[in-house]
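Asker:
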Amino acid sequence: MIIKEITLENFRSYYGKNTIKFNDGLMLFIGDNGDGKTTFFEALEWLFDTTSTKHNTDYRLISEKKILELPEYSSDTVKVSMTFEHDGEKIVEKSFSFQKENNQIRTNNFLFRGWYVEGVERTQIQGGMLLDRCFEAAIRKYCLFKGEKNLNVFNNSDALKYLIDTFSNIRQFDPYFIGDNENLGFTEFAEKESNKVCEKAMKADKSNETQEKILSSQLTKLRNDLQDVRTRLRNNRTNATNYSTKLDDLESSKEACEQLKQINERLKSLNEKKTRTESFVNEDYTIKLLDEMWILCGFSNIFAEFQNKISGASKEKRKLENEAIKEKGKQEAIKELAKGIIPLPPYIPDAKTMEEMLTDEFCKVCGREAKKDSEAYNFMYNKLQDLIKSQQPQEDAEETPVFPNNFIDELNKKSNTLESNILEINNLRIKIKDYIEYVEARKAEVKKIQSNIDVEEDNKRKLLAQNDNLTEEELKNSYENITNWYKSKNDAEKQILILEKDEKDIENKLAEVQKDYDELGKTSTANTYRKIHTAFEKIQNAFKYAKEKNTKEFLALLEAKANEYLNKLNIDDFTGIIRIYEDKIERKLKIKLEDKNGTFVANPNQALETTMYMSVLFAVSELTTIRRDYDYPLIFDAPTSSFAPQKESDFFNVISDIKKQCIIFTKSFLNDEGKLLNDKIDKLHCTINRMEKQHPFDKNDLSTIQTKITLIK
Amino acid sequence: MVAEKLYDVWARRNPKWEIHFEEIIHQFTDYGIGSSELTTARGKTLGAGYEIYIYAFFVGLYADKKRELNGETKTFGQPIQYWGNLENRKLRKAYPRLREYIFTALLAKTDLDLIALEKGTITDNQAVDMLKDTMEQYANYGFHTIEEKMKDNPNYFYKNTGFLDMILDLLVPQSNSSDVEIEQL
């Protein structure tokens, strides 16, 4: 199968109709991140998927730009079609329609069609059927590869066995010899049946009855034992394989495991730091206005006003009090100064005498008349009153104070108490400003930590995506599991060794008893049946060895071809030798790299590992082509990420010399600004297309992204 | 008989506010929500209803603008003496001293003849009536200003710094003595 043309219509970033012509040999599509390489690759994956129906009309496959431009109640189509050469021209096409209604997108009318093209005539056929006929699922497995990690298809259990079964000649043995316990080929069936007939005839022969009974019961027992040992062996092999697969996965993801551990540790510390920093961010400024009394930030002048008022009032009060005291003192002094003599005590004369004198209106002290309301009469009257007053209890003598209340004193005390906080109040505006600055700085810090967390989360996602054979939990627990897995694997392997020895012993014993039984048969009437059985047994073994030889030859050929490619792809570099071998314990085919002394290259660098797997893929492709007359393309998305620039150029040149349709999407040959490295491109001899986003576009708006493909060489 | 303190007489009072501000009070405080329901009344900026009243008072005070109360009025359930005690509220701090500062502000801003009060020619109750009147008028101005601001920008007070900004905007910029010195040089 050779791809001639691919058309993408409204498929994600491929807005409108985009048709790309293909030729044999290497075709490079150069584009930066987000330029549509993987989208193109995924469009092919979508087209080649003949099984799934659930993603067939996924609205996420539709070009965002097209959706945006589509008027309400209009419809359009998403389509991927491929024209290819495979025993004549053929077309396969997958499509579905979409409508915009009330700003919602509805999809329908899914079609998967194919056509045989003969001249101007086209014969329609179901698309999946056409693909399966021309490009069967088994091969598609070895055709599309995303990234470097996924090249390792052969680590997948049974992948190589499947390949051998499918593409070597050993399938032709299946009617005659299968080699497992459950299913029988013809030679195995014949051997078994002839043995049964032979044994039946032996039992019928009464002359050897006793001997036959002993031997056949031994045979039955040994066969049962053998069956049992083989079952246990199979179980242990399955266990060993399972644990070994897990350990292999772990081995290949050991680095990932370590990375994940580091990422999780970094994430933990970042999250703790974020929580800690966030705890310093308290933006309840409104609450602080009250709880921290920030609301007093403008209070200094008002408090000063209060203090002035109180101290003014206090001063005024004291002044008034002074004046009142002075006034009272003055009046008393005047009174005393005016008389110039020391007055008599109030009780001279006594009250009775005074009353008598007032009644008589005559002063009997100085012998003068004292008429009522005269000055002398009033003097006597007042003197009597003073006397009566002096004889009353003391408190009656207290004067009424000038200021009966003492509120100013209370206010003064309040002023003094509150004044102790006034410095703090004066500094409140600076404190608030500093606090806000502090909180903003913490927020900026949190934002920075968050962006670091985002980077780490992204790394983690990438890492987990690259290791989709293990879950995060398995990766995390792998250190704890590894001991158990090794122990279980070792236990199974030990058991296998013991059981293999048992199997051999029982087989030998069985062979001996069988020999005795056969000897007995020679003298029996069952001899003819015995000869027939022996003949079938020999035929069965012949098929068995032939099948094994065939497999070995296919693997040897595959290995030789793979090493040819490996040498080509690694010019002037250490390559090692690819070995395709059967793991004795697990009875599974594996690929490894050795040096010429047979030393296992445990951890080849990524570029070498990539070329190793690619070599096997090229070899598989070449061998299958020889066997099946039909070639098929190899399509890789970013397979050379780990290659040094020079190695990459050499690599592409080698591939372009291989007579094989090879389509590679890469971001190589672009400089840091995303511009083409033309001098390097000039040195390549293959077809080159440039993929890029059509300008202008809004980096935050998917509906402005449109991929443009230009043939540049 | 020992005379009662003026502060205590004032603190037993319950200032009035125009009834239509109930909406604003509801919007920002737990006003009208029973204490048993407080756990569900989350998302309010402030706690008790008087908290927005205190805020409104300071807005009027710093703007030094009063506004006579008009129309129907209402008071809060708690007199001033309980404001800022916050006994039942978690994650909040009590601020009883703020009452004392409010009291000093009222004395500073009320045209009250302290000598007459001291002489007893006006009674403590009459004096406190005057203080309360000042308080109500400042707060009333503050409430009207808050209302205006919300009309202009309904989200203004939902920013973290909304309430704080409004207060800071009312303040006279603090003089920077070093700047003055530089200019003089």
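Those protein sequence lines, which keep their order, are chains A and B.
Sequence positions in the first sequence follow the numbering used here and run 1 to 713.
Sequence positions in the second sequence follow the numbering used here and run 1001 to 1185.
Even for Gly, the Cβ is constructed at its ideal location relative to N, Cα and C.
1) For B/T1039, count neighbouring Cβ atoms within 10 angstroms of its own Cβ and tell me buried if that reaches 16, exposed if not.
2) Can you give me, in chain order, the residues of the stretch 1134-1147 of chain B that have a beta carbon less than 8 Å from any beta carbon in chain A?
3) Where do the N-terminal and C-terminal ends of the alpha helix (DSSP H) with A/F48 fall, by residue?
4) Going by beta carbon distance, what residues of the same chain come within less than 8 Å of A/E500, once the five residues before and after it are set aside?
5) How should A/A465 be labelled, buried or exposed, when 16 other C-beta atoms within 10 angstroms of its C-beta is the threshold for buried?
6) Under 9 Å, do A/Y565 and A/V601 count as touching if we go by C-beta distance?
7) Taking Cβ positions only, does A/N416 come closer than 9 Å to chain B?
8) Tell me which same chain residues have a C-beta within less than 8 Å of the C-beta of A/M354, skipping the five on either side of it?
9) Per DSSP, what are the beta-bridge partners of A/T707 in this structure?
10) Ends of the beta strand (DSSP E) at A/N18?
11) Roughly how many angstroms separate the alpha carbons of A/D573 and A/A607, rounded to a whole number?
12) To which residues of the same chain is A/E526 closer than 7 Å at the C-beta, ignoring the five residues directly before and after it?
13) Tell me the residue span of the beta strand (DSSP E) that contains A/Q99.
14) Using a beta-carbon distance below 9 Å, is B/N1160 in contact with chain A?
15) Kindly list the residues whose CB is nearer than 8 Å to the CB of B/F1057, restricted to its own chain and excluding five residues on each side of it in sequence; keep chain order.
16) Can you tell me which of A/K659, A/F652, A/Y529 and A/Y73 puts its alpha carbon nearest to the alpha carbon of A/F669?
17) Using three-state DSSP, classify B/W1017 as helix, strand or coil.
18) Pair every Cβ in the stretch 657-676 of chain A with every Cβ in the stretch 17-37 of chain A, then say whether three or more of these pairs are closer than 8 Å.
19) Looking at the C-beta of A/K79, does it have a partner C-beta in chain B at a distance below 9 Å?
20) Can you list, in chain order, the residues of its chain whose CB lies under 8 Å from that of A/V654, leaving out five sequence neighbours each side?
21) Can you look up A/G128 in the DSSP assignment and give me helix, strand or coil?
22) For a contact defined as C-beta to C-beta under 9 Å, what are the partners of B/F1229 on chain A?
23) Between B/K1149 and B/H1026, what straight-line distance do the alpha-carbon atoms span, to the nearest angstrom?
24) Please report the distance separating the alpha-carbon of B/T1161 from that of A/E305.
25) For the alpha helix (DSSP H) that contains B/K1149, what are its first and last residues?
26) Taking A/I453 as the query, report the chain B residues whose CB atoms sit under 9 Å from its CB, ordered along the chain.
27) Which two residues bound the contiguous beta strand (DSSP E) that contains A/I408?
28) Ordered along the chain, which non-local residues of its own chain (more than five positions away) have a Cβ less than 6 Å from that of B/A1041?
29) Using the Cβ count rule (16 or more neighbours within 10 Å means buried), how would you classify A/V455?
30) Taking only beta-carbon atoms, is A/Y285 less than 9 Å away from chain B?
31) Applying the criterion that 16 or more other CB atoms from any shown protein chain within 10 Å of the CB defines a buried residue, is B/I1019 buried or exposed?
32) I think B/L1117 touches B/A1108, with their Cβ atoms under 8 Å apart; what is that distance to the nearest whole Å?
33) Comparing C-alpha positions only, which one of B/K1093, B/T1104 and B/D1124 sits nearest to A/L411?
34) Look at the alpha carbon of B/I1052 and the alpha carbon of A/I287, and state the distance between them as a whole number of angstroms.
35) Using DSSP with H/G/I as helix, E/B as strand and the rest coil, what is A/M293?
36) For A/V78, which residues does DSSP report across the bridge?
Answerer: The structure says:
1) Residue confidence for B/T1039 is low, a pLDDT of 43 falling below 50, so the modelled location carries little weight and cannot support an answer.
2) none
3) Taken as a continuous stretch (DSSP letters only), the alpha helix (DSSP H) holding A/F48 covers K37 to F48.
4) L233
5) exposed
6) no
7) no
8) M380, K383, L384 and L387
9) A/K693
10) Y14 to K21
11) 11 Å
12) Correcting the residue identity first, residue 526 of chain A is Ala in this sequence and not Glu. Same-chain partners within the cutoff: C198, A201, M202 and D205.
13) Note, A/Q99: beta strand (DSSP E), E89 to E101.
14) yes
15) I1102, M1135, Y1138, A1139 and G1142
16) A/F652
17) strand
18) Here the stretch 657-676 of chain A makes contact with the stretch 17-37 of chain A; the two share three or more CB pairs at distances below 8 Å.
19) Judged by the 9 Å Cβ criterion, A/K79 is not in contact with chain B.
20) K568, L569 and I571
21) helix
22) Residue 1229 of chain B falls outside the range modelled here, since chain B spans only 1001 to 1185, and no answer is possible.
23) 17 Å
24) Per the coordinates, the alpha-carbon of B/T1161 lies some 29 Å from the alpha-carbon of A/E305.
25) D1124 to D1152
26) Taking a Cβ-Cβ cut-off of 9 Å, A/I453 has no neighbours in chain B, whose nearest Cβ is about 23 Å from it.
27) Looking at the DSSP string, A/I408 is not in any beta strand (DSSP E); the run it does join, the alpha helix (DSSP H), is F407 to E419.
28) With a pLDDT of only 46 at B/A1041, under the threshold of 50, the placement of this residue in the model should not be trusted; the figure read from the coordinates follows. Correct list, in chain order: D1030 and I1033.
29) exposed
30) So yes, A/Y285 belongs to the interface.
31) exposed
32) About 15 Å separates the beta carbon of B/L1117 from that of B/A1108, a gap too long to meet the 8 Å contact definition.
33) B/T1104
34) 11 Å
35) coil
36) A/F96
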